[in-house]
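Just below is one structure, and these are the notes that go with it.
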Amino acid sequence: MSDYNFAYLDEQTKRMIRRALLKAVAVPGYQVPFASREMPMPYGWGTGGVQVTAACLTPEDTLKVIDQGADDTTNAVSIRKFFQRTAGVAVTERTSEASVIQTRHRIPETPLTEGQILVYQVPIPEPLRFLEPRETETRRMHALEEYGLMHVKLYEDIAKNGAIATSYAYPVKVEGRYVMDPSPIPKFDNPKLSGTPALQLFGAGREQRIYAIPPHTQVISLDFEDYPFEATKAPHPCDLCGDDGSYLDEVITDDAGGRMFVCSDTDHCESRRAAGHRGRMSPKENAA
Amino acid sequence: MKADAMSGGFADAPIEAAHGFRAILGALSCPGAIVTVAGAAPPPPLSPAAGLAALVLFDGTTPVCLTGAHDSAAVRDWIGFHTGAPLVGPGQAMFALGDWVSLQPVTRFAIGTPEYPDRAATLIVEMDSLDNSGALLRGPGIGGTVRLSLPDIAAFQANRALFPLGFDTFLTCGGRLAGVPRSTIVEAG
């Protein structure tokens with residue numbers, strides 16, 4: 000038995016977050032203000048995602064937490080332990096076994112299924128913020144559906160770099176209405192936002208915003224007819240599991256230019272290796 | 000206040016509210032899906048599903064409008080005791096609770112503002128029957144189309160035309176509940 004209320008937050012706070020979540024679902028892509036609480040971790044460590052997860056969890060849930068695709072990094076481990084302690088929920092590293100997945104900046108490679116909830120940790124929820132610092136103005140721009148400035152930014156990318164250089168937090172339009180920041184996921188993941196049978200919830204703790212993409216919702220990455228959106232990744236196969244379709248991290252291995260590319264999704268990579276797939280740098284004894 | 004106003008709430012609030020909310024969230028994010036909920040035993044004519052929605056979502060910060068037969072002393076006492084929600088008129092309500100006829104005209108309720116479309120009312124509509132027949136629904140949350148026995152089609156079409164403004168709706172019948180967010184596109188049979 001825990002000395003905390005179930006899932007840490009008090010009931011009044013959870014009701015407030017739950018009402019915000021319902022409005023977020025009803026208006027896909029619109030950022031609902033909510034009274035974000037102090038959490039026992041600093042802003043920037045996923046306080047928004049943690050509050051959304053806490054408001055959604057039931058004791059029967061199986062929770063998976065990833066940080067840039069990995070289950071075993073500091074942020075993921077500490078949040079997973081937090082909910083084990085305060086909610087007593089089962090945890091897993093397998094995407095297919097999880098009912099709630101909290102993520103920092105990745106969408107798992109394994110396709111999500113109906114009934115799953117994907118909770119994103121969001122640092123800056125406002126896609127227009129770096130173009131227009133005033134909240135009153137960005138709010139009016141959303142109200143008027145005035146998104147020309149965002150296209151100017153993408154156009155300047157092309158003018159300067161010859162291509163749309165934005166590679167993460169790539170802006171999307173949800174159901175043809177709201178332009179939304181998908182959180183700093185690599186644009187490789189953007190196509191997975193659209194039409195998924197899972198419910199996607201976004202929590203920004205410091206900025207006090209919650210937004211959502213319901214299942215089977217159309218999400219389009221902004222682009223131009225002559226410069227269409229491209230989901231890019233490093234042009235290599237994974238050096239451990241050999242997959243050439245997954246998003247890769249580049250790892251520097253020595254000071255002589257040595258490097259390797261490995262799947263950012265650790266569960267995906269381990270599942271493939273367990274199934275016998277091997278990459279360029281797999282240990283020889285395993286390959287036997 | 001009668002003693003039975005104090006019964007019929009959650010026995011284990013954090014757990015039952017968590018289960019209730021997940022069902023409600025599932026219903027709103029998959030319009031047309033009918034979920035079964037349990038945990039509330041409110042006085043009639045308030046249904047167990049509507050009572051559960053009240054226990055999960057209402058509190059002292061959410062003005063509630065009761066209409067028709069639901070604006071009775073028993074229901075007012077029960078909601079007051081279990082949630083502390085202030086009872087108000089239609090214009091100020093964050094939640095409205097009643098049958099479809101007594102909620103009319105639904106244009107009385109808040110639809111949000113262009114800057115803050117979340118400041119819209121949520122209607123909890125008590126239904127005599129609720130099943131997957133009648134109006135054809137599509138939109139966010141629906142893979143293809145789904146049918147749902149809406150109490151009215153024109154009102155939901157008019158509400159959708161206001162998008163991203165508009166009210167959001169839960170339909171309740173006994174222990175069953177379905178969600179119709181303002182984003183849902185409604186067509187006649």
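Keeping their order, the protein sequence lines are chains V and X.
Numbered according to numbering that gives the first Met the number 0, the first sequence terminates at residue 287, and the numbering increases by one at each position without gaps.
Numbered according to numbering that gives the first Met the number 0, the second sequence terminates at residue 188, and the numbering increases by one at each position without gaps.
Glycine included, each C-beta is placed from N, C-alpha and C at the ideal position.
Going by the DSSP bridge assignment, what does residue i pair with across the sheet?
i: D177 (chain V); result: Strictly speaking, residue 177 (chain V) in this sequence is Tyr, with Asp absent from that position. Answer by DSSP bridge pairing, in chain order: V:V173.
i: M259 (chain V); result: V:V250
i: Y167 (chain V); result: V:P185
i: Y32 (chain V); result: For the sequence presented, residue 32 (chain V) should be read as Pro rather than Tyr. Looking at the DSSP assignment, P32 (chain V) forms a beta bridge with V:R208.
i: G178 (chain X); result: X:F169
i: I65 (chain V); result: V:T102
i: I184 (chain X); result: X:R137
i: S220 (chain V); result: V:V171
i: G8 (chain X); result: According to DSSP, G8 (chain X) bridges with nothing at all.
i: T35 (chain X); result: X:R175
i: Y3 (chain V); result: DSSP, once it has assigned bridges, lists no residue as partnering Y3 (chain V).
i: Q50 (chain V); result: Paired residue(s): none; Q50 (chain V) is not in a bridge.
i: Q11 (chain V); result: Answer by DSSP bridge pairing: none, since Q11 (chain V) is not bridged.
i: G202 (chain V); result: V:Q120, V:I209
i: A89 (chain V); result: V:T61
i: R146 (chain X); result: X:L135
Between the C-alpha atoms of residue i and residue j, what's the straight-line distance to the nearest angstrom?
i: Y154 (chain V); j: M140 (chain V); result: 19 angstroms
i: Q156 (chain X); j: A23 (chain V); result: 20 angstroms
i: V118 (chain V); j: T61 (chain V); result: 13 angstroms
i: R205 (chain V); j: T46 (chain V); result: 7 angstroms
i: P185 (chain V); j: A89 (chain V); result: 29 angstroms
i: D246 (chain V); j: Q115 (chain V); result: Per the sequence shown, residue 246 (chain V) should be read as Tyr rather than Asp. Their Cα atoms are separated by approximately 22 angstroms.
i: L8 (chain V); j: G241 (chain V); result: 43 angstroms
i: T109 (chain V); j: D71 (chain V); result: 18 angstroms
i: P113 (chain X); j: P181 (chain V); result: 22 angstroms
i: F108 (chain X); j: A75 (chain V); result: 43 angstroms
i: S263 (chain V); j: D248 (chain V); result: 5 angstroms
i: P122 (chain V); j: D3 (chain X); result: 48 angstroms
i: L86 (chain X); j: F166 (chain X); result: 18 angstroms
i: L96 (chain X); j: T82 (chain X); result: 14 angstroms
i: L147 (chain X); j: V124 (chain X); result: 14 angstroms
i: Y167 (chain V); j: L149 (chain X); result: 42 angstroms
i: P47 (chain X); j: D238 (chain V); result: 56 angstroms
i: S193 (chain V); j: T183 (chain X); result: 17 angstroms
i: G7 (chain X); j: A40 (chain X); result: 4 angstroms
i: H104 (chain V); j: V26 (chain V); result: 23 angstroms
i: E10 (chain V); j: A53 (chain X); result: 14 angstroms
i: I65 (chain V); j: T102 (chain V); result: 5 angstroms
i: P39 (chain V); j: G19 (chain X); result: 26 angstroms
i: I106 (chain V); j: V178 (chain V); result: 19 angstroms
i: I251 (chain V); j: P183 (chain V); result: 23 angstroms
i: A273 (chain V); j: K283 (chain V); result: 15 angstroms
i: L129 (chain X); j: L170 (chain X); result: 8 angstroms
i: G178 (chain X); j: T91 (chain V); result: 31 angstroms
i: G175 (chain V); j: K13 (chain V); result: 31 angstroms
i: A19 (chain V); j: D117 (chain X); result: 8 angstroms
i: A97 (chain V); j: D188 (chain V); result: 19 angstroms
i: Q50 (chain V); j: I16 (chain V); result: 8 angstroms
Open item on the list: Please identify, using Cβ separations under 8 angstroms, the residues of the stretch 11-26 of chain V that lie next to chain X, in order along the chain.
Closed with: Residues of the stretch 11-26 of chain V with a C-beta atom less than 8 angstroms from some C-beta of chain X are Q11, K13, R14, M15, R17, R18, A19, L20, L21, K22, A23, V24, A25, V26, listed in chain order.
- [ ] Please list the residues of the stretch 20-45 of chain X that have a C-beta atom closer than 9 angstroms to any C-beta atom in chain V, keeping them in chain order.
- [x] F20, R21, I23, L24, G25, L27, S28, C29, P30
Task: alpha helix (DSSP H) runs wholly inside the stretch 84-144 of chain X, at least 4 long, in chain order - done: The qualifying runs are 99-102.
- [ ] Count the C-beta pairs between the stretch 21-28 of chain X and the stretch 57-69 of chain X that are closer than 8 angstroms, then say yes if the count reaches three, no if not.
- [x] no
TODO: With 9 angstroms as the limit, tell me which residues of the stretch 47-71 of chain V have their beta carbon closer than that to any beta carbon of chain X; keep them in chain order.
DONE: A54, C55, L56, T57, P58, E59, D60
TODO: Report the residues of the stretch 115-149 of chain X with a CB closer than 9 angstroms to any CB of chain V, ordered along the chain.
DONE: Y115, P116, D117, R118, A119, T121, G138, P139, G140, I141, G142, G143
Open item on the list: Residues of the stretch 134-146 of chain V in Cβ contact with chain X at a cutoff of 7 angstroms, in chain order, please.
Closed with: R138, R139, A142
TODO: Check each residue of the stretch 198-222 of chain V: if its Cβ is closer than 7 angstroms to any Cβ of chain X, include it; give the result in chain order.
DONE: L198, P213, P214, H215, T216
Task: At least 3 beta-carbon pairs within less than 8 angstroms: the stretch 221-235 of chain V vs the stretch 31-40 of chain V - done: In short, these stretches do not touch, since the Cβ pair count stays below three.
Task: 4-residue-minimum alpha helix (DSSP H) runs that sit fully inside the stretch 110-159 of chain V, ordered along the chain - done: Given a length threshold of 4 residues, each whole run of the alpha helix (DSSP H) inside the stretch 110-159 of chain V is given here in chain order: 134-143.
Open item on the list: With a threshold of 8 angstroms, are at least 3 pairs of Cβ atoms found where one atom belongs to the stretch 126-134 of chain V and the other to the stretch 142-153 of chain V?
Closed with: Three or more Cβ pairs drawn from the stretch 126-134 of chain V and the stretch 142-153 of chain V lie within less than 8 angstroms of each other, which places the two stretches in contact.
Open item on the list: Within 8 angstroms, do at least three Cβ pairs link the stretch 210-219 of chain V to the stretch 194-202 of chain V?
Closed with: yes
Open item on the list: Any C-beta of chain V within less than 7 angstroms: which residues of the stretch 149-171 of chain X qualify?
Closed with: P163, D167
Open item on the list: For the stretch 69-97 of chain X, list every residue whose C-beta sits within 7 angstroms of some C-beta in chain V, in sequence order.
Closed with: none
- [ ] Evaluate the contact criterion for the stretch 272-279 of chain V versus the stretch 76-84 of chain V: three or more CB pairs, one atom per stretch, below 8 angstroms.
- [x] Flag = no, the stretch 272-279 of chain V and the stretch 76-84 of chain V do not touch.
- [ ] Give a yes or no on contact between the stretch 130-147 of chain X and the stretch 6-25 of chain X, applying the rule of three or more CB pairs nearer than 8 angstroms.
- [x] no
TODO: Would you check if the stretch 230-239 of chain V and the stretch 252-266 of chain V touch, i.e. whether three or more CB-CB distances between them fall below 8 angstroms?
DONE: yes
Open item on the list: Can you pull out the residues from the stretch 101-125 of chain V whose beta carbon lies closer than 9 angstroms to at least one beta carbon of chain X?
Closed with: E113, G114, I116
Task: Interfacial residues, the stretch 152-176 of chain V to chain X, with Cβ spacing under 7 angstroms - done: E174, R176
- [ ] With 9 angstroms as the C-beta to C-beta threshold (strictly closer), list the residues of the stretch 43-66 of chain X near chain V in chain order.
- [x] V55, L56, F57, D58, G59, T60, T61
Open item on the list: As an exercise, report each continuous alpha helix (DSSP H) stretch of at least 4 residues that is fully enclosed by the stretch 37-71 of chain X, in chain order.
Closed with: 47-56
TODO: Compile a chain-ordered list of the residues in the stretch 80-104 of chain V whose CB is closer than 7 angstroms to at least one CB of chain X.
DONE: none
Open item on the list: Give me the subset of the stretch 4-16 of chain X whose CB atoms are less than 7 angstroms from a CB atom of chain V, sorted by chain position.
Closed with: A12, P13, I14, A16
Task: Near-chain V residues of the stretch 170-186 of chain X - C-beta to any C-beta below 8 angstroms - done: Hits within the stretch, in order: P180, R181, S182.
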